[in-house]
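In my numbering, the protein residues as written are 12 to 101. Here's the structure, in structure tokens; my notes come after.
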């Protein structure tokens with residue numbers, strides 16, 4: 012994480028390693044639609060990181076309170092977000 016210019020990851024404990032990023036690192040967090048969290052936004056803000064997020068879409072009908080249902084991230088939406096964040100991934 013210390014040498015990364017961009018970090019893309021699922022919302023979860025592994026992103027705690029953002030504490031090792033340099034200020035200005037772009038962070039893109041992928042969220043489960045039923046499990047949105049401000050934790051990594053607040054951590055990124057505190058560390059001077061550029062935070063972006065994308066909410067996935069469920070693959071089936073999600074019941075209220077169901078947080079572990081399958082979901083997917085639309086590749087076109089992710090590409091658009093990367094472009095918006097100024098990430099050259101081609």
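Virtual Cβ for every residue (Gly too), placed ideally from N, Cα, C.
Please classify residue i: is it buried, with 16 or more other beta-carbons within 10 angstroms of its beta-carbon, or exposed?
i	result
residue 51	buried
residue 30	exposed
residue 21	exposed
residue 36	buried
residue 67	buried
residue 56	exposed
residue 60	buried
What three-state label does DSSP hand residue i in the structure shown?
i	result
residue 38	strand
residue 17	strand
Just tell me which of the options has its CA closest to the CA of residue i.
i	options	result
residue 14	33, 62, 28	33
residue 58	81, 38, 19	38
I'd like to confirm the pairing. Which residues does DSSP put opposite residue i in its beta bridges?
i	result
residue 84	Residue 84 is not bridged to any residue.
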